[in-house]
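Enquirer:
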Amino acid sequence: MREVAFLVVALQGLLFACSPGDRGGGDADADSDADADADAECDDPDGDNDGIPDDIEGDGDLDGDGLPNSDDRDADGDSILDEIEAGDAGCSALRDSDQDGQLDAFDTDSDNDGLPDADEVRLGTNPGWADTDSDGFVDPVEVIAGTDPTDPDSRIPDDDYYVILPFGADPIQAPLAFGTDIHRADIFFLVDTSSSMGPSIDNIQQGLQGTIIPGISEQIEDVAFGVGEFEDFPVGSDGCSASDRPFTLHQEVTEDLDDVEDAVDRLDQPLGLGGCIIPEAHVEALYQTASGEGIGDWVEPEDCQDLDQLLVGMPCFREGALPIVLLISDAPMHNGPGGVYPWSDIDPEPHDWDDAVRALNDIGARVAGFAIEAAWGWDYYDGRPTHDITREHMEATAEATGTVVDGEPLVLDGPANGTGLSDSVVDAIVELAGGVVQDVDTVTEDDPSDDVDARRFIVSIVPASAAPDDHVSGMDETTFYDVVPGTIVTFTVTFQNDFVEPDDAAQIFHAVIVVRGNGVARLDERNVYVIVPSEDGELFI
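Dropping the structure here:
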């Protein structure tokens, strides 16, 4: 099987009737509305003067318009006059383009390419030639693919697939190679907005439009941004201000950069007191980010509504995008890894770190940490440097969500005055997009425009090889493991048609093979166009 299978239908065949003057002895069925009678006389009456004798057209009504074929100048109702479809060779050589025994004048798909003649007239394609522009792709496939079937320079991409699957034939296999770069991601800023974080927030606000967004957009072509904040539960000694919250959503993920900028500006309007003591509510904020579940009166649930795609989490992460959470804080975590620094007397009971990690992994999210040096007299906590504890908690979270580059959790340090944080955000995304490994598998999608589930033509998609081969840790029947972004992975795809029987004309179906990273991110895809030939149609590859 070549990378692109080319299909050519036998065209411009001729159905030869008798030669002029040959009486032949044929008895044309007066009710026949499709089959040419090879014994009909060429000098028979021709009531509609279309060049096809009445004995060949018969008294049937092929298109159901109330006119017998012999009086109907467009017997098959395909918008092409019979005299045109008959050809110009006379009644002894009436045209049968697809050689199926049915004259073009009585055939609603004269070239048997699966595109009805009436549609070919509307589209400007040649109803008697399956590949109007002779570019190697039959017209209906180009119509489905959105290319121009009349322009040889408008072609289906060479890495899409185009396979011919006769009903009941043996399976065929083809290698499909895919890229694994991250092309679509949603970046969610999850920022500690306790009072000591003012300088870091200032740096993000100042660098958002000039540094952060351009730097990330250069790395990932389809990127959206969201913004959220956290302080703590305002209960007992954990909260000095009734306005403190364990999570606040300022902006769902969006490509509207003005909305993103407005949301970032709200991070310090005003800053929270962050409780009378540290730690803070990172864990509950992470859980809410991933789940959108809400908790009691503290955080309202989020119900993402979009009829066109599945949106998940509190920020409504887009379907097919890799969720990336940028966790920015200078404090340790309440309910942190291993259950350290638990809350008490909060109703309902907050979620723990394991809950948060589970929710993040359920949506395939990555969490990169930014451990800011503690300030405002909180240099030490629990007998240790506060920054060390903060970093440990972030490292555990990054590692638990697979946010690891070259064996190290993706956590960057920042000074208390916020200097360089915007650059660090870009650096983190560059490292994540280029070095955080992913498990890579596939899913298939059906084109819903017909009643046939084209995914059924794809029997299996099995990992075969990777280049470089040391950029994966292994593979099984469905998945490449620990794939470094940019690796080319090749699957062996098996196709078979054991459920769509042939029809009078060729049938065309469309499916998509999608390569996913981390069970979520849409890394690459291939269109698959399946042709089921008619029972009588001749196909040449």
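Heads up: the sequence shown at position 9 corresponds to 649 in this note's numbering, and the numbers run straight through without jumps. Each residue gets a CB set at the ideal place from its N, CA and C atoms; glycine is no exception. Note that this is a predicted model, so its numbers are computed, not measured.
1) Can you have a look at D992 and say buried or exposed, based on whether 16 or more other CB atoms are within 10 angstroms of its CB?
2) Could you pull out every unbroken alpha helix (DSSP H) segment of at least 4 residues lying fully inside the stretch 1095–1162, listed in chain order?
3) Just grab the DSSP bridge partners of A1036 for me.
4) What are the start and end residues of each continuous beta strand (DSSP E) run of 3 or more residues lying completely inside the stretch 864–947, in chain order?
5) Are the stretch 763–775 and the stretch 788–801 touching by the rule of at least three beta carbon pairs closer than 8 Å?
6) Would you mind reading off the limits of the alpha helix (DSSP H) that contains E1071?
7) Relative to the alpha-carbon of A921, which residue among T888, V1044, V893, D714 has its alpha-carbon at the smallest distance?
8) Looking at the structure shown, is Q742 part of a helix, part of a strand, or coil, going by DSSP?
9) Taking 7 Å as the cut-off, does the CB of L830 come closer than this to any heavy atom belonging to the ligand NAD?
10) List the DSSP bridge partners of A715.
11) Kindly give me the distance between the Cβ atoms of L967 and G1009, rounded to whole angstroms, as I take these residues to be in contact under 8 Å.
12) From D714 to I812, what does the alpha carbon distance come to, in whole angstroms?
13) Which residue comes first and which comes last in the beta strand (DSSP E) that contains A1008?
14) So D970 and M837 are supposed to be a Cβ contact under 8 Å. How far apart are they, rounded?
15) Touch check for the stretch 835–855 and the stretch 1058–1073: three-plus C-beta pairs under 8 Å?
16) Just the Cα atoms here: how many angstroms apart are D896 and G1023?
17) Can you list, in chain order, the residues of its chain whose CB lies under 7 Å from that of F957, leaving out five sequence neighbours each side?
18) Where does the unbroken beta strand (DSSP E) through S969 begin, and where does it stop?
19) What residue from H974, L1052, A1011 has the CA that sits closest to P886's CA?
20) Hey, how far is the Cα of G1159 from the Cα of P708?
21) If I'm right that A1146 touches D753 with Cβ under 8 Å, what's the distance once you round it to whole angstroms?
22) Give the secondary structure of S834 by DSSP, where H, G and I count as helix, E and B as strand, and everything else as coil.
23) For P1049, which residues from the same chain have a beta carbon less than 6 Å from its beta carbon, with the 5 sequence-adjacent residues on both sides left out?
24) Could you spell out where the beta strand (DSSP E) holding Q813 opens and where it closes?
25) Report the residue from I1098, F865, S857 whose alpha carbon sits nearest the alpha carbon of V803.
26) What whole-angstrom Cβ distance do I1148 and V781 have, given they're in contact under 8 Å?
27) Helix or strand or just coil, what does DSSP make of A726?
28) Among residues of its own chain, excluding the 5 on either side of G1189, which ones have a beta-carbon nearer than 8 Å to its beta-carbon?
29) Answer with buried or exposed for Q1078, where buried requires no fewer than 16 other C-beta atoms within 10 angstroms of its C-beta.
30) Is N1167 helix, strand or coil when you go by DSSP?
31) Quick check on N689: buried or exposed, where buried means 16 or more other Cβ atoms within 10 Å of its Cβ?
32) Along the chain, where does the alpha helix (DSSP H) that runs through V1183 open and close?
33) At the level of alpha carbons, what is the spacing between G661 and D722?
34) Given this structure, state the Cα-to-Cα distance separating D744 from Y1121, to the nearest angstrom.
35) Report back the beta-carbon spacing between P990 and T1030 to the nearest angstrom; my notes put them in contact at under 8 Å.
36) What does the Cβ neighbour count give for E924, buried or exposed, with the cut at 16 atoms within 10 Å?
Expert: To lay it out plainly:
1) buried
2) none
3) Answer is none; A1036 lacks a bridge partner.
4) The stretch 864–947 contains these whole beta strand (DSSP E) runs: 888–894.
5) yes
6) 1061–1075
7) When only C-alpha atoms are compared, the closest one is T888.
8) strand
9) This structure does not include the ligand NAD; it has no bound ligands of any sort.
10) Bridge partners of A715: none, in fact.
11) 5 Å
12) 41 Å
13) 1006–1012
14) 6 Å
15) Verdict: yes, contact present.
16) 45 Å
17) D826, V893, L951, P963, I1003
18) 962–969
19) H974
20) 60 Å
21) 6 Å
22) strand
23) E1035, A1038, E1039
24) 812–818
25) I1098
26) The beta-carbon separation of I1148 and V781, rounded to 6 Å, stays under the 8 Å limit for a contact.
27) coil
28) Past the edges of the chain, shown from 641 to 1181, lies residue 1189, and the structure says nothing about it.
29) buried
30) strand
31) exposed
32) The shown model of the chain, from 641 to 1181, leaves out residue 1183, and the question about it has no answer.
33) Note that G661 scores a pLDDT of 32, beneath 50, so its modelled location is shaky and nothing firm can be said.
34) 55 Å
35) In fact, because the Cβ distance is near 19 Å, the residues do not count as touching under 8 Å.
36) With 16 or more Cβ atoms within 10 Å of its Cβ, E924 is classed as buried.
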